[in-house]
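Asks: To start, I am sharing the structure in question, which I have written as structure tokens.
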Amino acid sequence: MATPRNRLCGLVAATFTPMTQDNEINLSVIGQYVDYLVKVQGVKNVFVNGTTGEGMSLTVEERKLVAEEWIRQGKGKLDQVIIHVGSLSIKESQQLAKHAANYNASGISVISPFFFKPQSTEALTEFLTEVASAAPSMPFYYYHLPELTGVSLNVVELLDGIEKRIPTFQGLKFTSSDLLDFGQCVHKYKDKFALLYGKDELLFSAMVIGATGAVGSTYNYFGNLCNKMLAAIEREDYNLAREHQVVVQEFIGCMYRFGFGVAENKATMMLVSGIPLGPPRLPLLKCSEEKQAKILAKLKILGILT
Numbered sequence: 386m387a388t389p390r391n392r393l394c395g396l397v398a399a400t401f402t403p404m405t406q407d408n409e410i411n412l413s414v415i416g417q418y419v420d421y422l423v424k425v426q427g428v429k430n431v432f433v434n435g436t437t438g439e440g441m442s443l444t445v446e447e448r449k450l451v452a453e454e455w456i457r458q459g460k461g462k463l464d465q466v467i468i469h470v471g472s473l474s475i476k477e478s479q480q481l482a483k484h485a486a487n488y489n490a491s492g493i494s495v496i497s498p499f500f501f502k503p504q505s506t507e508a509l510t511e512f513l514t515e516v517a518s519a520a521p522s523m524p525f526y527y528y529h530l531p532e533l534t535g536v537s538l539n540v541v542e543l544l545d546g547i548e549k550r551i552p553t554f555q556g557l558k559f560t561s562s563d564l565l566d567f568g569q570c571v572h573k574y575k576d577k578f579a580l581l582y583g584k585d586e587l588l589f590s591a592m593v594i595g596a597t598g599a600v601g602s603t604y605n606y607f608g609n610l611c612n613k614m615l616a617a618i619e620r621e622d623y624n625l626a627r628e629h630q631v632v633v634q635e636f637i638g639c640m641y642r643f644g645f646g647v648a649e650n651k652a653t654m655m656l657v658s659g660i661p662l663g664p665p666r667l668p669l670l671k672c673s674e675e676k677q678a679k680i681l682a683k684l685k686i687l688g689i690l691t
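This note's numbering numbers the first residue of the sequence shown as 386 and each following residue consecutively.
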């Protein structure tokens, strides 16, 4: 059975992987990064080596080193450090799961393979079960991201009886605008699993439906704002909560109009935090100076930067 842990809830920052200008991982700024999240943004949970962290562009050894450093630097400061261990290779996923367990991560998460895709809920469940078995005491989370994986299987069906197959199953990161599927997950399983939403621009809607928390990239720099949103929802002050959500939507909507990927998101984090995170790794291109200027201007208009 899963090792007893505090239930994962509230905001979880999907962390960026710091890089040098030569595209090597830069572990030296992760301690600064941890302190910024905790002290400035009020965010004490992280999701490491996921999409935002370019996990699939890192080698297995790099992913291990990044995970180790987040766990080491987060000790006594962060509440939970969830390590994404998904890979196209089940053997690599198992290796990463064992590593996360050996370094006492708070939990592991796995995205669906997306080259050879599971063609049924049973195939996906079998894959997840095999990865989870490599770290039998680690809390386990499924990472649902159909826009990138192309795996659009119904999640509420995946959750049906999954704890019998994966005793360590704790919940999921649901990154899709399909609030019908997510709403059914909440209706059936809110009392059993942590149901974390992954579309930052729809956080308000997901929380009203009943999400138990959220995992997202903008919580790296909008953490304070979104914590205020969650507090307003808790008080049932929905007008104020909507006002906070509109700021996030205004920023993300504007960014999407001229291209807002990992590179631009990473640039935003550097502009807001001052932490040198470096460029993304190819095939992603560095955020241009023109785009950085637009991002900076929008942040000033929204009052995020002065």
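Beta carbons are placed, not taken as given, at the ideal position from N, Cα and C, and that holds for glycine.
So what's L557 in DSSP terms, helix, strand or just coil?
Replies: Locating residue 557 in the sequence shown gives position 172, counting from the first residue. Reduced to three states, the DSSP call for L557 is strand.
Asks: Please name the residue, chosen from I637, G459, A617, S658, that lies closest to G395 on a Cα-to-Cα basis.
Replies: On the sequence shown, residue 395 is found 10 positions in, with the first residue counted as 1. Looking at the Cα atoms, A617 is the closest of the given residues.
Asks: Using DSSP's beta-bridge definition, name the partner residues of G601.
Replies: Taking the first residue of the sequence shown as 1, we reach residue 601 at position 216. Paired residues: A398.
Asks: Go through its chain and collect everything with a Cβ distance to A387's Cβ below 6 Å, but skip five positions before and after it.
Replies: For this step, residue 387 is matched to residue 2 along the sequence shown. Low local confidence applies: a pLDDT of 42 at A387 is under 50, so the model's placement there is unreliable, with the coordinate-based value given in what follows. Taken in chain order, the residues that qualify are P524, T553.
Asks: Answer with buried or exposed for S710, where buried requires no fewer than 16 other C-beta atoms within 10 angstroms of its C-beta.
Replies: Outside the shown range of the chain, which is 386 to 691, sits residue 710, and nothing can be said about it.
Asks: Which runs of the beta strand (DSSP E) fall wholly inside the stretch 508-596 and span at least 3 residues, in chain order?
Replies: 525-529, 554-559, 579-582
Asks: Along the chain, where does the alpha helix (DSSP H) that runs through F636 open and close?
Replies: Taking the first residue of the sequence shown as 1, we reach residue 636 at position 251. 623-643 is the extent of the alpha helix (DSSP H) around F636.
Asks: DSSP has S494 in a bridge; who is on the other side?
Replies: Against the sequence shown, residue 494 aligns to sequence position 109. S494 pairs with H469, Y526.
Asks: Hey, would you say H529 sits closer than 9 Å to S505, going by beta carbons?
Replies: As a first step, residue 529 is located in the sequence shown; it is residue number 144 there, counting from the start. As a first step, residue 505 is located in the sequence shown; it is residue number 120 there, counting from the start. The answer is no: Cβ separation not under 9 Å.
Asks: Roughly how many whole angstroms lie between the Cα atoms of V419 and L662?
Replies: In the sequence shown, the residue the question calls residue 419 occupies position 34. In the sequence shown, the residue the question calls residue 662 occupies position 277. Approximately 13 Å, taken between the alpha carbons.
Asks: Could you name the residues of the same chain whose beta carbon sits closer than 7 Å to that of M614, not counting the 5 residues immediately before and after it, in chain order?
Replies: Counting from one through the sequence shown, the residue named residue 614 turns up at place 229. If the five residues before and after M614 are omitted, its C-beta is found closer than 7 Å to the C-beta atoms of L588, F589, A626, H629, Q630, all from its own chain and listed in chain order.
Asks: Output yes or no for whether 9 Å exceeds the beta carbon distance between I468 and N430.
Replies: Within the sequence shown, numbered from 1, the residue matching residue 468 stands at position 83. Within the sequence shown, numbered from 1, the residue matching residue 430 stands at position 45. Result no, Cβ atoms of I468 and N430 do not sit closer than 9 Å.
Asks: Could you tell me which residues DSSP pairs with F432 in its beta bridges?
Replies: On the sequence shown, position 47 is the one that residue 432 refers to. Paired residue(s): A399, I467.
Asks: Sorted by chain position, which residues of the same chain lie with C-beta nearer than 7 Å to Y421's C-beta, five sequence neighbours on each side aside?
Replies: Mapped onto the sequence shown, residue 421 falls at position 36. So the list reads S658, I660, once near-sequence residues are dropped.
Asks: Quick one: what does DSSP say T388 is sitting in, helix, strand or coil?
Replies: Numbered from 1 along the sequence shown, position 3 holds the residue referred to as residue 388. A caution first: T388 carries a pLDDT of 40, below 50, which makes its placement in the model unreliable, though a value can still be read off. Three-state DSSP puts T388 in coil, outside helix and strand.
Asks: Thinking just about the alpha-carbon of each residue, which of L393, K683, G583 is nearest to the one in G638?
Replies: Here residue 638 corresponds to residue number 253 of the sequence shown, with the count starting at 1. For the options L393, K683, G583, the alpha carbon positioned closest to that of G638 is the one of K683.
Asks: If you run the structure through DSSP and keep just helix, strand and coil, what is I689?
Replies: Against the sequence shown, residue 689 aligns to sequence position 304. Looking at I689 - three-state DSSP - the assignment turns out to be coil, as it is neither helix nor strand.
Asks: Hey, V425 and G556: beta-carbon distance below 9 Å or not?
Replies: Numbered from 1 along the sequence shown, position 40 holds the residue referred to as residue 425. Numbered from 1 along the sequence shown, position 171 holds the residue referred to as residue 556. Going by C-beta atoms, V425 is not nearer than 9 Å to G556.
Asks: State the DSSP-derived secondary structure class of I660, mapped to helix, strand or coil.
Replies: Numbered from 1 along the sequence shown, position 275 holds the residue referred to as residue 660. Coil, per DSSP.
Asks: Pull up the DSSP beta-bridge partners for M404, would you.
Replies: Translated into positions along the sequence shown, residue 404 becomes position 19. Answer by DSSP bridge pairing, in chain order: I410.
Asks: Please classify Y641 as buried or exposed, where buried requires at least 16 neighbouring CB atoms within 10 angstroms.
Replies: Within the sequence shown, numbered from 1, the residue matching residue 641 stands at position 256. By the neighbour-count rule (16 or more Cβ atoms within 10 Å), Y641 is not buried but exposed.
Asks: Which residue wins for smallest C-alpha separation from E477, given the options E454, F512, K462, Y488?
Replies: On the sequence shown, position 92 is the one that residue 477 refers to. Cα-wise, what sits closest to E477 is F512.
Asks: In the structure shown, what three-state DSSP assignment does Y488 receive?
Replies: Here residue 488 refers to the residue found at position 103 of the sequence shown. In the structure shown, Y488 sits in coil (DSSP, three-state: anything other than H, G, I, E or B).
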